[in-house]
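Enquirer: In the order they appear, the protein sequences are chains A and B.
For the first sequence, the numbering used here gives the first residue as 1, with consecutive numbering after it.
For the second sequence, the numbering used here gives the first residue as 1, with consecutive numbering after it.
Even for Gly, the Cβ is constructed at its ideal location relative to N, Cα and C.
Sharing a structure here in C-alpha cells format.
Protein chains: 2
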Amino acid sequence: MSAPRAPRLDDVALQAGVSAATVSRFVNNPDVVAPATAERIRSAIAATGYVPNMAAGALAGSRSRLIAALVPDIAQSLFNDTVEAMIEKLAEEGNSVVLALTGSDNNRLDAEINMALARRVDAIILTGIVSDPETRERLRAHPVTVIETWGLPDDPIDVAIGFSHRAAGEEMARFLRGRGYRRPHLVVPRSTRSERRATGFVERWLRDGGPEPTRLEVNVPSHFGQGRLSFRALSDLEEMPDVVVCGSDWIAQGLIVEAQAVGMRVPDQLAVTGFGNLRLAGDMRPTITSVDVDGSHIAREVIRVLRARAAGEAVEPRIDVGFRVIARESA
Amino acid sequence: MSAPRAPRLDDVALQAGVSAATVSRFVNNPDVVAPATAERIRSAIAATGYVPNMAAGALAGSRSRLIAALVPDIAQSLFNDTVEAMIEKLAEEGNSVVLALTGSDNNRLDAEINMALARRVDAIILTGIVSDPETRERLRAHPVTVIETWGLPDDPIDVAIGFSHRAAGEEMARFLRGRGYRRPHLVVPRSTRSERRATGFVERWLRDGGPEPTRLEVNVPSHFGQGRLSFRALSDLEEMPDVVVCGSDWIAQGLIVEAQAVGMRVPDQLAVTGFGNLRLAGDMRPTITSVDVDGSHIAREVIRVLRARAAGEAVEPRIDVGFRVIARESA
DNA sequence: CTGAAAGCGCTTACAG
DNA sequence: CTGAAAGCGCTTACAG
Chain A
1 MSAPRAPRLD DVALQAGVSA ATVSRFVNNP DVVAPATAER IRSAIAATGY VPNMAAGALA
61 GSRSRLIAAL VPDIAQSLFN DTVEAMIEKL AEEGNSVVLA LTGSDNNRLD AEINMALARR
121 VDAIILTGIV SDPETRERLR AHPVTVIETW GLPDDPIDVA IGFSHRAAGE EMARFLRGRG
181 YRRPHLVVPR STRSERRATG FVERWLRDGG PEPTRLEVNV PSHFGQGRLS FRALSDLEEM
241 PDVVVCGSDW IAQGLIVEAQ AVGMRVPDQL AVTGFGNLRL AGDMRPTITS VDVDGSHIAR
301 EVIRVLRARA AGEAVEPRID VGFRVIARES A
Chain B
1 MSAPRAPRLD DVALQAGVSA ATVSRFVNNP DVVAPATAER IRSAIAATGY VPNMAAGALA
61 GSRSRLIAAL VPDIAQSLFN DTVEAMIEKL AEEGNSVVLA LTGSDNNRLD AEINMALARR
121 VDAIILTGIV SDPETRERLR AHPVTVIETW GLPDDPIDVA IGFSHRAAGE EMARFLRGRG
181 YRRPHLVVPR STRSERRATG FVERWLRDGG PEPTRLEVNV PSHFGQGRLS FRALSDLEEM
241 PDVVVCGSDW IAQGLIVEAQ AVGMRVPDQL AVTGFGNLRL AGDMRPTITS VDVDGSHIAR
301 EVIRVLRARA AGEAVEPRID VGFRVIARES A
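The following block contains the structure:
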C-alpha cells in the first residue's frame, strides 16, 4: 500500500458532482450554495476525509487566517490571561495564533516581525511596548493590521487597545491616600509601563501634598523572589514605609511572605499592593489589593477590530478598556 | 500614490540579473549559489525590500516551517517553561509555532488537530495527554510528525519525549521515607499524569511498609488557592499527616501560606513537597522541595527529533529526559 | 446558485 | 552553479 495522496478540492468536487469552485464556496461560506448541493458536498467531504490546505488558501485568497502574537515571555507574564483569551476567541473564528517571543530585545522583535510578515499574517498583535522609532515607522508603513495591547500610546502604530498606565498609578495614589497611608514605597520593574505607573503615582501623591515616595527598581520579568528581596531592602531606607506599592502581584506576594517570616503583620504594620489582579491576589493570605486588567475585554476588542478591518470599516485608533483598583485586605 | 504591490521573487531576480530559481535557492540555502551571485542577490533583496511569502513556499515545497503546539492552557501551566524553550529554539531555526489551547476537552483537541493538519504543519507537539483512543489512532494514521511531551506512554502515537510520572512518584516516596516521614497525605490534581505520580508514590510507600497515604483530589489547572483549601481540609482527617505531597508547586505554596497563617511551622510541624520546580519553589520561605523537569532538555530533544525527521533518519519512539527531586527546606 | 479559467508566489526535478 | 518550466491546491472575478 503506497502512501495515498491527500484528498484535494478536486476529489471532493468529483465525488459530489460539482465544480471545485462550488466546493470552495461551501467550505468558506456554506450558506451561499444551494441546500441540496451543500448536502452532497458535505457527504463527499466526509467520504474522502478532505482537509482543506490553508497554505494554498492563503496564497490564492487575501487572508491567511493567521494572527501573530508577539509577547516578551510566557513563563512569567501578566499578559498570559489576555493572550489565552485572545487565542481562544480567535480560534472560535477559525483563526490560528502564531506565538512569538521577543524578550526585551529589539533585534528579536524585528526578526519576529519579519517572520510574521513573511507568513502574511492578517494581523500582528503586540503585547509589550515597541520603543524603537524605526520599528514603529516600519510597521506603520506596512498595510498589515497592527494592534498594540495593554497600553495606550499617544500615537499608536495602527490601533491600540489598553489603558493608561499613568492613570492607573494616579488612581492607586488616590486610593492609598484615601485609606490614610502616609509613606509609600514603590517597587518598580524596569519596563516602560511600570515606570509610567510609577510616574503617575508620584505625581498624584505629590500634588496631594504627600512626601516624595521612596523607590526600588527591579528587573523584568518580575517574580516572587523579587518581593522577598525588596522587603529586605526596606531596611536600607531612612524611615520604614507604611505601604509598599509593587509592580506586580508576584512581587507583592513575595514581599508579604518575607514580611510575615520576620513576624511583621500585613497590613497592620506594613500594607502592600500588587498589580495585575492575578488569581493568587484573591487567594493570598492576606488577600492582595491589586489593579485589575480585563484580559477578556481586550480579547473581545481585538476580535472586534479584526472584524471591522476585514469588513473594510474604520476603527478608532485608541480603545480604552480601563482598569479597576480591587480593594482587599493587604492595603 | 497607489498601493505598490509587494516585491516578489521575480522582482529580486530581475534586479539581480539571475533567475527566480537562483534567488529561491539563495533564500533557502545561501551556500549553494556562487559567492558573486549571492552578493548581487543580497543587494537586490535589500534594494527591493523583499520579504518571502512563506504561504507560497509552503504550497510549492514540502514543508511549512510551522509547528503546532497544543497545550491545555497557558494561564497556569507547568508546561510554560517547556513551551517557552521550544518556541525559542524553533524560532532560531526559522520555524514558527502555532499555539493552540485545548483545555481538557477532547472536542477542542480534535478541532485543533484538524486546524493543524489544515495548515500542513511540519509537526504537532502535544503537551498534555491524548486519552481518546480514536484521536490517537487518527493521528497515528497520519503521516505528520507527532511529538508527545512531558509523558512517556507505553505506546506513543509517534514519538514521546518525557519521563515516567509513576517513577517520579516512586522516587518522592523513597525520598520522604528516607527523611523519616511516616504519614504522607497526597493532594492530587485530577489529571492523568498527577494520578500516575500518586499511584507510583502509593505503591512504593506501601511496598516499603508504610501505611496507606490519605489523599485529596483537586481540579485542574491547579493553583495557589487550592493549597490553602487543601490545608484546611486536613482537619477532616482522623490523624494529621506529617508531610503533604502536592501535585504542583503552586498548591504547595498555598498550603504553606495557610499553615503559617494558623501558626504552624513548616517543615517542623508539617512538611510539604511540590512538583514542577518553578522558580518560586526556590524563592518561597521556606524553600520548597520539588521535582524538577528540564524544559530546555525537552525542547532540545524536540529540535533533534524534528531535524532527524527532516533528514529522513529514524528516531527512537520514547525519549526519557528524566526528572530530579530537589531537596530544599520544606521537607 | 454554479462553472471554466486564470492566477496567487513560490520550489524543484531536469538538463546543461 | 544556474535556468526554463511545470506544478503545489486553492480563490475569485467573470459570465451565465
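P35(A) lies in the alpha helix (DSSP H); which residues open and close that run?
Expert: First-last of the alpha helix (DSSP H) with P35(A): P35 to T48.
Enquirer: From the DSSP output, which residues share a beta bridge with S19(B)?
Expert: None, per the DSSP bridge assignment.
Enquirer: State the start and end residues of the unbroken beta strand (DSSP E) segment that holds H185(B).
Expert: P184 to P189 is the extent of the beta strand (DSSP E) around H185(B).
Enquirer: Would P221(B) and Q76(B) qualify as a contact pair, given that the criterion is a beta-carbon distance under 8 Å?
Expert: Cβ atoms of P221(B) and Q76(B): closer than 8 Å.
Enquirer: Excluding the 5 residues preceding and the 5 following G369(B) in the sequence, name in chain order all residues of the same chain whose CB lies nearer than 7 Å to its CB.
Expert: With chain B covering only 1 through 331, there is no way to say anything about residue 369(B).
Enquirer: Closest Cβ-Cβ distance between D122(B) and chain A: below 8 Å?
Expert: No, its Cβ sits nowhere closer than 8 Å to a Cβ of chain A.
Enquirer: List the residues that DSSP assigns as beta-bridge partners of E217(B).
Expert: For E217(B), which the question treats as bridged, DSSP gives the partners V188(B).
Enquirer: Measuring CB to CB, does I74(A) end up less than 8 Å from E88(B)?
Expert: No, the Cβ-Cβ distance between I74(A) and E88(B) is not below 8 Å.
Enquirer: Quick check for students: name the residue ranges of the beta strand (DSSP E) that lie wholly in the region 154-212 of chain A, counting only runs of 3 or more.
Expert: List check, beta strand (DSSP E) in window: 159-162 and 184-189.
Enquirer: Please confirm if L280(A) has its CB atom under 8 Å from at least one CB of chain B.
Expert: Judged by the 8 Å Cβ criterion, L280(A) is in contact with chain B.
Enquirer: In angstroms, rounded to a whole number, what distance separates the CA positions of A198(A) and V218(A)?
Expert: In a straight line, the C-alpha of A198(A) is about 13 Å away from that of V218(A).
Enquirer: Can you pull out the residues from the region 64-96 of chain B whose beta carbon lies closer than 7 Å to at least one beta carbon of chain A?
Expert: Within the region 64-96 of chain B, the qualifying residues are S64, D73, I74, A75, N80, D81, V83, E84, I87, E88, A91 and S96.
Enquirer: Is there a C-beta anywhere in chain A that falls below 8 Å from the one on M1(B)?
Expert: Low per-residue confidence applies at M1(B): pLDDT is 40, beneath 50, and the placement is therefore not dependable, though the value from the model is reported in the following sentence. So, not an interface residue.
Enquirer: Is there a C-beta anywhere in chain B that falls below 8 Å from the one on E258(A)?
Expert: It does: the Cβ of E258(A) has a partner Cβ on chain B nearer than 8 Å.
Enquirer: Express the C-alpha separation of L176(B) and T289(A) in angstroms, rounding to a whole number.
Expert: Those two C-alpha atoms are separated by around 37 Å.
Enquirer: May I have the straight-line CA-CA distance separating V325(A) from T127(A), to the nearest angstrom?
Expert: Cα to Cα, the separation comes out at about 21 Å.
Enquirer: When you compare only the Cα positions, how much space is there between T82(B) and L278(B)?
Expert: Answer to the nearest angstrom: the Cα atoms are 11 Å apart.
Enquirer: Please state the DSSP three-state secondary structure of D81(A).
Expert: The answer is helix: DSSP assigns D81(A) an H, G or I state.
Enquirer: Any idea if M172(B) is buried or exposed, counting beta-carbon neighbours within 10 angstroms, 16 or more meaning buried?
Expert: Its Cβ being crowded by 16 or more others within 10 Å, M172(B) is buried.
Enquirer: Determine, using beta carbons only, whether P7(B) comes closer than 8 Å to chain A.
Expert: P7(B) does not count as touching chain A.
Enquirer: Using a C-beta cutoff of 8 Å, does R300(A) count as contacting chain B?
Expert: Cβ-Cβ to chain B under 8 Å: no for R300(A).
Enquirer: If we cut at 8 Å on Cβ distances, does D283(B) have a partner in chain A?
Expert: Judged by the 8 Å Cβ criterion, D283(B) is in contact with chain A.
Enquirer: Note down, in chain order, all residues in the region 52-64 of chain A with a beta-carbon under 7 Å from any beta-carbon belonging to chain B.
Expert: Here the close residues are P52, N53, M54, A55, A56, A58, L59 and S64.
Enquirer: Check S2(A) in the structure and name its three-state DSSP category.
Expert: Caution is warranted here: a pLDDT of 48 is assigned to S2(A), below 50, making its placement in the model unreliable, and the coordinate value is therefore given only provisionally. Residue state, collapsed to three classes: coil.
Enquirer: If you draw a straight line from the alpha carbon of M86(A) to that of H142(B), how long is it in whole angstroms?
Expert: Those two C-alpha atoms are separated by around 29 Å.
Enquirer: Are the CB atoms of V302(B) and I113(B) within a distance shorter than 8 Å?
Expert: For I113(B) and V302(B), no; Cβs fall outside 8 Å.
Enquirer: Going by DSSP, what residues sit across from T145(A) in a beta bridge?
Expert: A123(A).
Enquirer: Is it buried or exposed for S2(B), if we count other Cβ within 10 angstroms and need 16 for buried?
Expert: Unreliable placement is indicated for S2(B), whose pLDDT of 49 sits below 50; the coordinate value is still reported in the next sentence. Its Cβ having fewer than 16 others within 10 Å, S2(B) is exposed.
Enquirer: Strictly under 8 Å for the Cβ-Cβ distance: is H185(A) near chain B by that measure?
Expert: Chain B contact via Cβ: absent.
Enquirer: Pull up the distance between the alpha-carbon of S19(B) and that of M54(B), whole angstroms please.
Expert: Each residue's Cα considered, the two are about 19 Å apart.
Enquirer: Given R190(B), which residues of its chain have a CB within under 8 Å of its CB, disregarding the five upstream and five downstream residues?
Expert: The answer, listed in chain order, is E217, V218, N219 and V220.
Enquirer: Would you check if there are 3 or more beta carbon pairs closer than 8 Å linking the region 42-56 of chain B to the region 106-120 of chain A?
Expert: Enough Cβ pairs lie closer than 8 Å, so yes.
Enquirer: Which same chain residues end up closer than 6 Å to T214(B) when comparing Cβ atoms and leaving out the 5 residues on each side of it in sequence?
Expert: H185 and L237, listed in sequence order.
Enquirer: Between the Cα of E134(B) and those of N106(B), I161(B) and G312(B), spot the shortest distance and give me the residue it belongs to.
Expert: Comparing Cα-Cα distances from E134(B) to each of N106(B), I161(B) and G312(B), the minimum goes to N106(B).
Enquirer: Looking at chain A, which residues of the region 157-190 of chain B have a Cβ within less than 7 Å of any of its Cβ atoms?
Expert: Taking 7 Å as the Cβ-Cβ cut-off against chain A, none of the residues of the region 157-190 of chain B qualify.
Enquirer: CA-CA distance, P30(B) and R300(B)?
Expert: Taking the straight line from one Cα to the other gives about 25 Å.
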